[in-house]
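Below is one structure, written out as structure tokens; the observations come after it.
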Amino acid sequence: MANAFRSNGKLLLTGEYVVLDGALSLAVPTKYGQSLLIEPNNTTKLKWTSLDKDGDVWFETSLNIKDIDLLSTESGNDINKRLIQIIKAAKELNPNFLISSNGFEVTTVLDFSRDWGLGTSSTLINNIAQWAEVNPYHLLKKTFGGSGYDIACAQYNTAISYQLQNKTPVINQVEFNPTFKEHLYFVHLNKKQNSREGITYYHNHKAHSKSAIRDINTITKNMIESLSFEDFEHLINQHEHIISKITKQTSVNDLLFNDFNGSTKSLGAWGGDFILATSKENPSAYFTKKGYKTIVPYIDMVL
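In this note's numbering, the protein residues as written are 7 to 309.
If you want it as structure tokens, here you go:
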């Protein structure tokens, strides 16, 4: 019998980096996500095919189900190594996973561009966790690592506040539906940021204090409750200043958009993927002229 699972993509609006150290963060699930389709076959193979948003194959492999426990995660290309690592971790968490004598045809389908950074990995982890009937946060810890907010977004269809308390996720659904959302845009910076590299950079350069995390907590709470476009802009500017100081990195606004008539804020790991832009006027012409042609209105991106 065929099975199908789907997980939402994610965007972290506040608390990038410091979410790892217990800061309260605001995250939103995206309308874009990834599906996992599983059909049994009459072989002993796990035949894996990954399709991009255009339906083109971007990865495929065939693994012998009986040998997965013995497969080396050092052989093959990086994607193959990672897939083997995830499957082996899922089997460690649930020894009954993939003990069938039959094989499976597995297809993953993205509905966003792979370079958008909306969670190709987190949606895969959450989908495989559902298939294997294991805790997705435990599977994440055994594979990619990270704060886990992206796993929460994969599962929720509303904005959430997310906080690690004693390394345990505390997740609350929140009402975040700003009246000024037509003035919010997501702009892609034309390159994908490796979140694991971003996390390593943060740990190597962070110089934060408890007071900085308290400030981020306050900003997150105020952003969730923000009723004014001007207040919201002020809050994201405050947030950028704090994270810039903590990570010793130049903010995206100072680096690329200091002549923009509005505000910009990095999301997730700085340096790539999407930024959040606020503007009373449609800013597409401005960003397109600068070479950034992927501009997605908030209402088209967020669930």
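Glycine included, each C-beta is placed from N, C-alpha and C at the ideal position.
query: Rounded separation between Leu-26 and Asn-48 - CA only; result: 44 angstroms
query: Option in Asp-221, Gln-244, Phe-150 and Lys-216 with minimal Cα separation from Thr-4; result: The requested residue 4 does not occur in the structure, where the chain is confined to residues 7 to 309.
query: Boundaries (first-last residue) of the alpha helix (DSSP H) holding Gln-244; result: 235-253
query: Euclidean distance between Cα positions of Ser-167 and Pro-35; result: 12 angstroms
query: Beta-carbon proximity list for Ser-106, same chain, < 8 angstroms, skipping 5 on both sides; result: Pro-46 and Ile-71
query: Boundaries of the alpha helix (DSSP H) in which Trp-64 is found, first to last residue; result: No alpha helix (DSSP H) contains Trp-64, which is instead part of the beta strand (DSSP E) from 63-70.
query: The stretch 182-197 / the stretch 227-240 touching (three or more Cβ pairs under 8 angstroms); result: yes
query: Inside the stretch 35-102 only - alpha helix (DSSP H) runs reaching at least 4 residues; result: 84-99
query: Distance, Asn-100 Cα to Gly-123 Cα; result: 29 angstroms
query: Closest residue to Asp-156 among Thr-270, Asn-133 and Asn-108 (Cα-Cα distance); result: Asn-133
query: Enclosing beta strand (DSSP E) for Ile-281 [first to last residue]; result: 280-284
query: Three-state secondary structure assigned by DSSP to Pro-142; result: helix
query: Bridge-paired residues (DSSP) for Pro-289; result: DSSP output for Pro-289 lists no bridge partner at all.
query: CB of Glu-246 within 8 angstroms of CB of Asn-259, strictly; result: yes
query: Proximity to His-194 [Cα-Cα], best of Ile-252, Lys-94 and Leu-262; result: Leu-262
query: Outcome for Ser-215 when other beta-carbon atoms lying within 10 angstroms are tallied against a minimum of 16; result: exposed
query: Buried/exposed call for Gly-204, threshold 16 Cβ in 10 Å; result: buried
query: Through-space distance from Phe-11 to Ser-119, alpha-carbon basis; result: 19 angstroms
query: Buried or exposed (CB count within 10 angstroms, at least 16 for buried), Met-307; result: buried
query: C-alpha distance - Leu-241 paired with Lys-227, whole-angstrom precision; result: 10 angstroms
query: Tyr-38 to Asn-14 span [Cα, whole Å]; result: 6 angstroms
query: Helix, strand or coil at Tyr-304 [DSSP, three-state]; result: helix
query: Lys-148 - DSSP class collapsed to helix/strand/coil; result: helix
query: Top-ranked residue by Cα proximity to Ile-92, from Lys-271, Gln-136 and Ile-252; result: Gln-136
query: The stretch 76-83 / the stretch 52-59 touching (three or more Cβ pairs under 8 angstroms); result: no
query: Contained beta strand (DSSP E) runs [length at least 3] in the stretch 138-226, N- to C-terminal order; result: 166-171, 174-179 and 190-194
query: Distance between beta carbons of Ile-248 and Asp-221, contact taken as under 8 angstroms; result: 6 angstroms
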